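When we follow the numbering used here, the leftmost residue of the sequence shown carries the number 7, and every step to the right adds one. Backbone N, C-alpha and C fix where the C-beta goes; we use that ideal spot for every residue, glycine too. It should be emphasised that the depicted structure is a prediction, and the values quoted were computed from it without experimental measurement.
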Amino acid sequence: MPPAAIPAGATAAQLGELAWRRLHPQRWPLPPEAFPAGAALVGGAVRDALLDRLPPQPDLDLVVREDAIALCRQLGRRHGGSVVVLDAERSIARLVIQGWSIDLARQEGDSLEHDLGRRDYRLNAMALPLGTAPQLLDPLEGLADLRQGQLMAVAEANLLDDPLRLLRGVRLASELGFALDPQTQRWLEQHHACLTTVAGERVLAELEKLAASPGGAVGLGQCLAWGLLQPWQAASAGSEAEALLARHPGVAKKIREADVKRMQRQPPAPATAGKGAARAPAPRAAGTGKKE
7 MPPAAIPAGA TAAQLGELAW RRLHPQRWPL PPEAFPAGAA LVGGAVRDAL LDRLPPQPDL
67 DLVVREDAIA LCRQLGRRHG GSVVVLDAER SIARLVIQGW SIDLARQEGD SLEHDLGRRD
127 YRLNAMALPL GTAPQLLDPL EGLADLRQGQ LMAVAEANLL DDPLRLLRGV RLASELGFAL
187 DPQTQRWLEQ HHACLTTVAG ERVLAELEKL AASPGGAVGL GQCLAWGLLQ PWQAASAGSE
247 AEALLARHPG VAKKIREADV KRMQRQPPAP ATAGKGAARA PAPRAAGTGK KE
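This is the structure in structure tokens:
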């Protein structure tokens, strides 16, 4: 993270203005005024605006107070684009327009703060309510995590609400170059088996992003060490996992390479007593070994 990306001592209003400028709303395919009162930009776009790492066309995620699917269809009729319903039960839809992807989701709970409390990681639980003077809303101290370069889950239950969030945590840490909070890491290790309940295509999409990230090799090694990739390593012939990996040879190759490196780092098994047993090496003098 560039040192000046998040100015020290900046107020929520100042950070909101800074993030808003970096988001360049004048370039959006829909003007901010097209969205209803109470709409708020949330998630990755807010995070990446604060870190000053936005791509030219960032994915935009907005929370609205009304039926998001009906709103998305209305916006599609007015401004063009294609509408995709992502979750009919929770009222989540996507508008694909002019090369942009805009996700609309109905607010969960009675307030935006309650909705943010249902998210995966604290640095994704920040919002910019749309308006004349957007002000950063950060009820869970995600900004502190950005400043410290750490990834912390909002709550254990939030990770289990969608187990793909377990793998996403490793991917986000690898993309951002952040360290996982120790408690969050323990939850990833403890609940690794829950990932088997997630559709294979969703898992592979996260693995592809992880493999392409700057810290992808390290991230894949962490996934192997914590058991997150056990279903993919143990894929039997004809299984869904094997078929998916066959369609994604680049990811499969990285998984195999990371597994080999992990095995190489493991100490050799101690020799058994008896004929042919190797002699134990003499202990090294204190202070002569290299730190690993």
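Cβ shell of residue i (< 6 Å), same chain only, five flanking positions each side left out
i	result
Gln141	Ala18, Ala19 and Gly22
Thr190	Met158 and Ala159
Asp121	Val69, Gln113, Glu114 and Gly115
Leu129	Arg53, Gly148, Asp151 and Leu152
Ala177	In the sequence on display, residue 177 carries Arg and not Ala. Counting only Cβ-Cβ distances below 6 Å, and skipping sequence neighbours, we find Glu212, Lys215 and Leu216.
Ala11	Leu57 and Asp58
Cys229	Val176 and Leu235
Val204	Pro169 and Leu170
Arg71	Gly44 and Gln113
Limits of the beta strand (DSSP E) - the one that residue i falls within
i	result
Val1	The requested residue 1 does not occur in the structure, where the chain is confined to residues 7 to 298.
Ala67	Rather than Ala, the amino acid found at residue 67 in this sequence is Asp. Its beta strand (DSSP E) spans residues Leu66 to Val70.
Leu47	Ala46 to Val48
Ala133	Ala133 to Pro135
Trp106	Trp106 to Arg112
Leu143	Unbroken run through Leu143: none, as it is neither H nor E.
Leu101	Ile98 to Ile103
Residue i vs residue j beta-carbon contact at 8 Å
i	j	result
Arg53	Met132	yes
Ala51	Asp65	yes
Leu216	Gly225	yes
Pro35	His85	yes
Leu149	Pro135	no
Asp126	Leu165	yes
Pro220	Gly175	no
Sequence-distant residues of its chain with Cβ nearer than 8 Å to residue i (five each side left out)
i	result
Pro37	Pro31
Leu60	Arg28, Leu29, Ala51 and Asp54
Leu143	Ala18, Ala46, Leu118, Glu119, Leu122, Met132, Ala133, Leu134 and Pro135
Gly82	Ser88, Val89, Leu101 and Ile103
Ala139	Ala19, Gly22 and Glu23
Distance between beta carbons of residue j and residue i, contact taken as under 8 Å
i	j	result
Ala45	Ile75	With a Cβ gap of about 15 Å, Ala45 and Ile75 do not count as contacting.
Leu56	Ala94	Going by Cβ atoms, the distance from Leu56 to Ala94 rounds to 32 Å, so no, they are not a contact pair.
Pro169	Leu201	5 Å
Where the alpha helix (DSSP H) through residue i begins and ends
i	result
Ile180	Checking the sequence shown, residue 180 turns out to be Ser, not Ile. Leu170 to Leu182 is the span of the alpha helix (DSSP H), which, as asked, contains Ser180.
Arg28	Ala18 to Leu29
Val209	Gly206 to Ala218
Val224	Gly222 to Ala231
Ile75	Ala74 to His85
Asp121	Leu118 to Leu122
Asp138	The amino acid at residue 138 is misidentified as Asp; the sequence shows Thr. Taken as a continuous stretch (DSSP letters only), Thr138 belongs to no alpha helix (DSSP H), as it is neither H nor E.
Ala163	Glu162 to Asp167
Thr190	Pro188 to Gln196
Where residue i falls, given that 16 or more other Cβ within 10 Å makes a residue buried
i	result
Ser242	Note that Ser242 scores a pLDDT of 40, beneath 50, so its modelled location is shaky; the value from the coordinates is reported in the next line. Classification of Ser242: exposed, given that the 10 Å Cβ count is below 16.
Gln156	buried
Gly15	exposed
Gly280	The pLDDT assigned to Gly280 is 47, lower than 50, so where the model puts this residue is not dependable; a value taken from the coordinates is nonetheless given after this. Looking at its Cβ environment, which holds fewer than 16 other Cβ atoms inside 10 Å, Gly280 is exposed.
Val90	exposed
Asp167	exposed
Pro13	exposed
Gly49	buried
Test: residue i CB closer than 8 Å to a CB of chain C
i	result
Leu60	In the structure shown, chain C does not exist; there is a single protein chain.
Contacting residues, own chain, Cβ-Cβ under 7 Å from residue i (five flanking each side not counted)
i	result
Arg79	Val89
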